[in-house]
Amino acid sequence: MSSAEGGERAAPFHCPYCGDEDLRPSEEATAPGQGAAWECAACNRAFRLKFLGLLASGLRSVHGEDPTP
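Quick note: the sequence shown uses UniProt numbering, first residue 1, plus one each step.
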């Protein structure tokens, strides 16, 4: 199973709501393609992470120049 199919979890470093770092993977079953569920012990919230894909616009440099191929 590839990571795009839910085989791997993207590990967050902090809660998107309170900023705390006390996160645990959720024990609830997650259907493939629905994103990984995480729980924050500090604010008692649960959230999901899901990779949406790559942007078609590509990368831009900090100075607004096009990157070299």
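Note that the Cβ used here is the ideal one computed from N, Cα and C, for glycine as well.
In this text the structure is predicted, and so the values were computed from the model without any measurement.
query, result
"Could you compute how far the alpha carbon of F47 sits from the alpha carbon of L54?", "22 Å"
"So what does DSSP say about L49, is it helix, strand or coil?", "strand"
"Are there 16 or more other CB atoms within 10 angstroms of the CB of C15, so buried, or fewer, so exposed?", "buried"
"Does the Cβ-Cβ distance between A42 and D20 come in under 8 Å?", "yes"
"Could you tell me the alpha carbon to alpha carbon distance between C40 and C18, rounded to whole angstroms?", "9 Å"
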